[in-house]
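Note that the sequence shown covers residues 1129 to 1256 in my numbering. For reference, the structure discussed in these notes is given below.
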Amino acid sequence: MSEQNLSNVYRNYIDCLNRRDWSALGQFVDDDVIHNGRQIGLSGYREMLERDVRDIPDLRFIIELLVVEPPVVASRLAFDCSPTHRFLGLDIGGKRISFTENVFYAFRDRKIARVWSVIDKAAIEAQL
């Protein structure tokens, strides 16, 4: 897959997340996806995202930086949101916070097969 095609697939995936179109998630995520070393599969991945949106109703994924070198995508995602309770073990209690996530994706057959994700927890702690 070319860089442009993979970039488009990734941008469409982010759009799918922001629309909360969970039924379309399988178009972008492999049935056997591995997240941070754990095989959670498509259903586990969907549950993780649904939980995130339930805990952070105003969650939006904003691409701040995108680097594509097929079959890998590296992205820095920016968030400005209000978790309703606890997030990453921190008591947020509805306060508006801003943070970033650095995430790498390995694609196989146009779908996300592996994800490595690190959220900047220190940036959140500095705001509390």
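The beta-carbon is built from N, C-alpha and C at its ideal position, and this holds for glycine as well.
In chain order, Leu1170, Tyr1173, Lys1239, Ile1240 place their CB closer than 7 Å to the CB of Val1157, counting only its own chain and leaving out the 5 sequence neighbours on each side. As computed with DSSP, Asp1219 is found in a beta bridge with Arg1214. 9 Å or more divides the Cβ of Ala1202 from the Cβ of Ile1191. With a 10 Å radius around the Cβ and a threshold of 16 neighbouring Cβ atoms, Arg1242 comes out buried. According to the DSSP secondary-structure assignment, Ile1252 is paired through a beta bridge with no residue.
Look at Asn1146 here: in three-state DSSP terms it is helix.
By the criterion of at least three beta-carbon pairs nearer than 8 Å, the segment 1204–1221 is not in contact with the segment 1157–1166. Comparing alpha carbon positions, the residue from Ile1220, Glu1229, Asn1230 closest to Leu1256 is Ile1220.
The beta carbon of Gln1155 sits closer than 6 Å to none of the beta carbons in its chain outside the five residues before and after it. Taken through DSSP and simplified to helix, strand or coil, Asn1230 comes out as strand.
For Asp1159, there is no enclosing alpha helix (DSSP H); the enclosing beta strand (DSSP E) covers residues 1157–1163. The C-beta separation of Ser1245 from Val1196 comes to about 17 Å, leaving the pair out of contact by the 8 Å criterion.
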